[in-house]
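Participant:
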Ligand code: MG
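Residue numbers (my numbering): 89 to 429.
1. To the nearest angstrom, report how far apart residue 110 and residue 245 are at their CA atoms.
2. Classify residue 364 as helix, strand or coil using the three-state DSSP reduction.
3. Among 312, 252, 257 and 207, whose alpha-carbon lies nearest the alpha-carbon of residue 382?
4. Count the other CB atoms within 10 Å of the CB of residue 166; is the residue buried (16 or more) or exposed (fewer)?
5. Taking the continuous alpha helix (DSSP H) assigned at residue 152, which residues delimit it?
6. Would you grab the beta carbon distance between residue 364 and residue 178 for me? Rounded to a whole angstrom, and I think it's under 8 Å.
7. Based on the DSSP secondary-structure assignment, which residues constitute the bridge partners of residue 215?
8. Looking at C-alpha atoms only, which residue of 236, 266 and 235 is the closest neighbour of residue 250?
9. I'd like to check one pair, residue 130 with residue 184: are the Cβ atoms closer than 8 Å?
10. Below 8 Å, can you find three or more Cβ-Cβ pairs linking the segment 113-126 to the segment 345-354?
11. Terminal residues of the continuous alpha helix (DSSP H) containing residue 356?
12. How big is the Cα-Cα spacing for residue 236 and residue 217?
13. From the DSSP output, in three-state form, read off residue 205 for me.
14. Nearest CA to the CA of residue 314: which residue from 171, 280, 344 and 347?
15. Here's a check: name, in chain order, each residue in its chain whose Cβ is nearer than 7 Å to the Cβ of residue 187, leaving out the five neighbours to either side.
16. Which residue marks the beginning of the beta strand (DSSP E) containing residue 210, and which one marks its end?
17. Can you grab the Cα-Cα spacing for the pair residue 429 / residue 98, in whole Å?
18. Does any heavy atom of the ligand MG sit closer than 7 Å to the C-beta of residue 362?
19. Considering just the uninterrupted stretch of the alpha helix (DSSP H) at residue 222, what are its terminal residues?
20. Inspect the beta-carbon positions of residue 390 and residue 379 and report whether they are closer than 8 Å.
21. To which residues does DSSP link residue 100 through a beta bridge?
22. Reducing DSSP to helix, strand and coil, say where residue 315 ends up.
23. If you count every other CB in all the chains shown that lies within 10 Å of the CB of residue 101, and 16 or more means buried, which is it?
24. Can you find the residues in the same chain that come closer than 7 Å, C-beta to C-beta, to residue 424, ignoring five residues on each side of it along the sequence?
25. Does the beta-carbon distance from residue 257 to residue 410 come in below 8 Å?
26. Let's see if you can read the secondary structure: which residues bound the beta strand (DSSP E) around residue 411?
27. Got a sec? Which residues, its chain only, sit under 7 Å from residue 297 by beta carbon, not counting five neighbours each side?
28. Does the distance from the CB of residue 309 to the CB of residue 303 come in under 8 Å?
29. Would you decide whether residue 139 is buried or exposed? Buried here means 16 or more other CB atoms lie within 10 Å of its CB.
30. What number of angstroms, rounded off, separates the C-alpha of residue 232 from the C-alpha of residue 215?
31. For the alpha helix (DSSP H) containing residue 272, name the first residue and the last one.
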């Protein structure tokens, strides 16, 4: 089956400037991938990750390389991995997603059915509150009342004031925090004590990605569970994290796509670890691809599209704090109306 693989840029403008411990942004330069078999078109999305030296140009170049060596698309579960360019997981994820979308469309079934997954229920998804001054954080919390769970970005000197502002504004939403590698061992211990008192459920990536043994020592003293994010990319990273983290955060853009995400879920379970599905700032296209796996996991942080003011796609929708999967073939994603690109 001869395939044509194309890509085009999409700019996603954010509702608010988004800050984490490493930096800030107002617009994200993502790409849409189309895999065309002459009858149907499968869609995928790449959100290049700056931390891994990816940008739109390097991602586009990687997709072009993958187009040359893609091979038979009927092998949709392996084709992207075989064609992938080293260090370009976002490009790999986009092609993998598009191949899965195409397979579902060719067979006329939703992706969850293609994978043998019940369409729900999915875990309640959290809404991410970026790093900001406490008064800005309080305003964002008020805008997130549709969500049962908030994930608050920490990693500054104002961590405690920020969390207290969140708690004061919203006494009832469940809370998780993400330090994005921003703490030291000593600072983490002090923070963990009051985070527990404020009712936080768990902490994502307290220490830098390579500090696995320090994280293991910290976890022995911690009243709260830890999830790995920057410390875990693919399935082969997971065994050494057992005992240092209680769970892993899988992102399609980090791991290279749906097939690898499924492998990661299996390996994490084999090590008795919990699984969260996370995202970068992505449109509803990539968010929906991840949402098809959400019935398999313990926690969902699939809110990247909710941070975007001009989402060009419609897919999984938020219903009572949970993502509801679309029933159309493949990813079930369609273009949003009234959006000109
Ligand atoms: Mg994170």
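Note that the Cβ used here is the ideal one computed from N, Cα and C, for glycine as well. Since the structure is predicted, the reported quantities are computational estimates derived from the model, not experimental observations.
Facilitator: In short:
1. The alpha-carbon atoms of residue 110 and residue 245 are separated by roughly 14 Å.
2. Correct three-state label for residue 364: strand.
3. Comparing Cα positions, the closest option is 207.
4. Residue environment for residue 166: exposed (fewer than 16 other C-beta atoms within 10 angstroms of its C-beta).
5. Residue 152 -> alpha helix (DSSP H) spans 144-156.
6. So it is not a contact: roughly 19 Å between Cβ atoms.
7. BP columns for residue 215 point to 238.
8. For residue 250, the nearest C-alpha among the options comes from 266.
9. For residue 184 and residue 130, no; Cβs fall outside 8 Å.
10. With a cut-off of 8 Å, the segment 345-354 and the segment 113-126 do not count as touching, because too few Cβ pairs lie within range.
11. Note, residue 356: alpha helix (DSSP H), 346-358.
12. Rounded to the nearest whole angstrom, the C-alpha separation of residue 236 and residue 217 is 13 Å.
13. Residue state, collapsed to three classes: coil.
14. The shortest Cα separation from residue 314 among 171, 280, 344 and 347 belongs to 280.
15. Counting only Cβ-Cβ distances below 7 Å, and skipping sequence neighbours, we find 123, 130, 161, 164, 167 and 168.
16. Unbroken run through residue 210: none, as it is neither H nor E.
17. Because the pLDDT at residue 429 is just 45, under 50, the model does not fix this residue reliably, and the value given afterwards should be weighed accordingly. Their Cα atoms are separated by approximately 8 Å.
18. Answer for residue 362: no, Cβ out of range of the ligand MG.
19. Per DSSP, residue 222 belongs to the alpha helix (DSSP H) from 222-231.
20. Between residue 390 and residue 379, the C-beta gap is smaller than 8 Å, which places the two residues in contact.
21. Paired residues: 116.
22. Three-state result, residue 315: strand.
23. Exposed, since its Cβ has fewer than 16 Cβ neighbours within 10 Å.
24. So the list reads 399, 400, 401 and 402, once near-sequence residues are dropped.
25. When the beta-carbon positions are compared, residue 257 and residue 410 stay at least 8 Å from each other.
26. First-last of the beta strand (DSSP E) with residue 411: 410-412.
27. Once the five neighbours on either side are set aside, the close Cβ partners of residue 297 are 269, 318 and 319.
28. In this structure, the beta-carbon distance from residue 309 to residue 303 does not fall below 8 Å.
29. Counting Cβ neighbours within 10 Å, residue 139 comes out exposed, since fewer than 16 surround it.
30. CA-CA distance, residue 232 to residue 215, rounds to 7 Å.
31. Note, residue 272: premise wrong, no alpha helix (DSSP H); not H, not E.
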